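Quick note, in our numbering, the sequence shown goes up one by one and the last residue is 239.
Glycine is no exception: its CB is placed at the ideal position from the N, C-alpha and C atoms.
Keep in mind the model is a prediction, meaning the values are calculated, not measured.
First comes the structure, then the notes that go with it.
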Amino acid sequence: MTPRPLTLITGATGGIGRAIAAALAPEHDLILQGRDIATLQKLQSELQNDVLVTRIHLLSLDLTQPETFAEATADLRPTHLIHNAGVAELGGANEQGHAVWTRTLAVNVVAPAELTRLLLPAVRAGRGTVVFINSGAGLRAGAGWGSYAASKHALKALADALRQEEAEAGSGVRVSSLYPGRTASEMQRRIREHEGQPYDPASFIQPETVADVVRYVLSAPRDVSLEDVAVRPGPN
């Protein structure tokens, strides 16, 4: 029997992260990262009620404190990394101070970079995949989106550089960036509130749809690498 891959999901208790965990649980063992241990434990219970064979490790970690990552992950040997956690605070360049920029870059860029650095030996050993959940804001920026778009552009640069480095090293590691359009989530609700617009989850991409794409990226035949994947609303 082929061993089940061990997959780390950051931001596992949010909309997309939770959906990814549920989609992968039948075939993967999981490392679920979040800030609140009680919320992680609730998610663990829900997943193991549905899929009894899944082994789940909980990683309670504040992604704004990268100096704590090495100790917290020292015993982890994941096959795949899914960098899903993210924060978005909207506002103009004349409004957002250094605290917003520091927090946004810490969670959206520094944390994925540091976790990848620490766990890359394990991913290489398993010839796994590193998935960065990016955003349309990682390809273009608009008014009021400066800090978030800057962080997502930086995340794309990180993924592109890592992909080339691993190809040159011949490690067998695949690197994918996903660019979902607006997806139904608590973050999206807050964004719509900031924009003064109503929030109807049914009018956005569903988290389960993004999760299905992630599952395919991980399971795709080894003769392909899905490098930049745009996930946009369908023609309903």
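query: Through-space distance from I12 to T82, alpha-carbon basis; result: 11 Å
query: Nearest neighbour of G184, chosen from Y219, A102, L142, L123 [CA to CA]; result: L142
query: The ligand ZN heavy atom lying under 6 Å from the CB of A114; result: The ligand ZN is absent from the structure shown, which contains no ligand whatsoever.
query: The stretch 208 to 226 touching the stretch 140 to 160, judged by at least three CB pairs closer than 8 Å; result: no
query: Local conformation of G141 per DSSP, three classes; result: helix
query: Which residues DSSP lists as bridging D39, in chain order; result: DSSP output for D39 lists no bridge partner at all.
query: Residues bridged to Y182 (per DSSP); result: A233
query: Per-residue burial, G145 [other beta carbons within 10 Å of its own, 16 or more giving buried]; result: exposed
query: Beta-carbon proximity check, A162 vs V176, cutoff 7 Å; result: no
query: Short Cβ contact (7 Å threshold) for I59 with Q47; result: yes
query: Euclidean distance between Cα positions of A116 and H86; result: 9 Å
query: Three-way DSSP call (helix, strand, coil) for T107 in this model; result: helix
query: Rounded straight-line distance, which links the Cα of N97 to that of D78; result: 44 Å
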